[in-house]
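Below you'll find the structure, written out as structure tokens, and then a few comments.
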Ligand SMILES: [Zn+2]
């Protein structure tokens, strides 16, 4: 799960700048690579002692890193806000255990702590297989506090749903559920949160369903946005409760989770999805949620 950084996009209001910038980021998820075989950092898998790291604790929340204590305290407060957002969607029982957030001072250290190389400099954070969220240094230079809460909400969704070690689950479910959660409280319109999808729709190249796993490698920014928009469509059409039930069933690898939960297959929703995209993204003046 990643939250990666694209160049910040200028927005109409300052309060939205952070969220909009994050829409340009890619969340890189360690779980998306073969978890059993890929070594993505020296002591990444162990969550072991971190020489020189300072620690801020707040109940069961641990924020540690090689940056200043003030920055760690800031991240702790932002993490609290993100946890609340995750619970709004997934219930108050999630994330009740120990939550570890790591804040490396530079990119080399980010990689050493298990930060993903996927997405290159665009990466904003990684959730590791041993359930640590490692923030890329770029999240402090490229996004606002509000944007960092979005990044943290995305990663903490993976943590809450134990998605960091999932295999055999479509990436759109994993990333779409995290993006859906990260943006569910946003007041920004869909066109601002998914600008690449909006551009495609207006150019007559609207997606007809969720992105394929391979799209997350071939064209990651668009794939993340398509996963998010598809998930928002499902929640809009069937209600958030059923969307949540579907993700939980899919993550548990329940057979035919989609058809069982929604009563139809994705292909049967094609016309309704096209209409949804047209209504919300079909013209330059449309910016509905
Ligand atoms: Zn992710």
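Numbering (our numbering), first residue to last: 31 to 319. Where is the CB? At the ideal position from N, CA and C, for every residue including glycine. For clarity, every value in this text was computed on a predicted model and none was experimentally measured.
Under DSSP, residue 132 forms a beta bridge with 94, 164. For residue 99, the uninterrupted alpha helix (DSSP H) segment begins and ends at 99-120. By alpha-carbon distance to residue 243, the top candidate from 236, 234, 253 is 253. Of 136, 219, 185, 106, the smallest CA-CA separation from residue 155 is found for 185. Per DSSP, the continuous alpha helix (DSSP H) segment holding residue 308 begins and ends at 300-311. Around the beta carbon of residue 192, fewer than 16 other beta carbons lie within 10 angstroms, which makes this residue exposed.
For residue 106, the Cβ stays outside the 7 Å cut-off from all heavy atoms of ligand 1. The beta-carbon separation of residue 153 and residue 144, rounded to 12 Å, does not stay under the 8 Å limit for a contact.
The continuous alpha helix (DSSP H) containing residue 187 extends over residues 175-190. Annotated as distal: residue 240 and residue 226, with beta-carbon spacing of 8 Å or more.
Here the segment 232-239 does not lie against the segment 281-291, with fewer than 3 beta-carbon pairs under 8 Å apart. DSSP places residue 88 within a strand segment (E or B) once states are collapsed to three.
Remark: C-beta atoms of residue 258 and residue 206 approach each other more closely than 8 Å.
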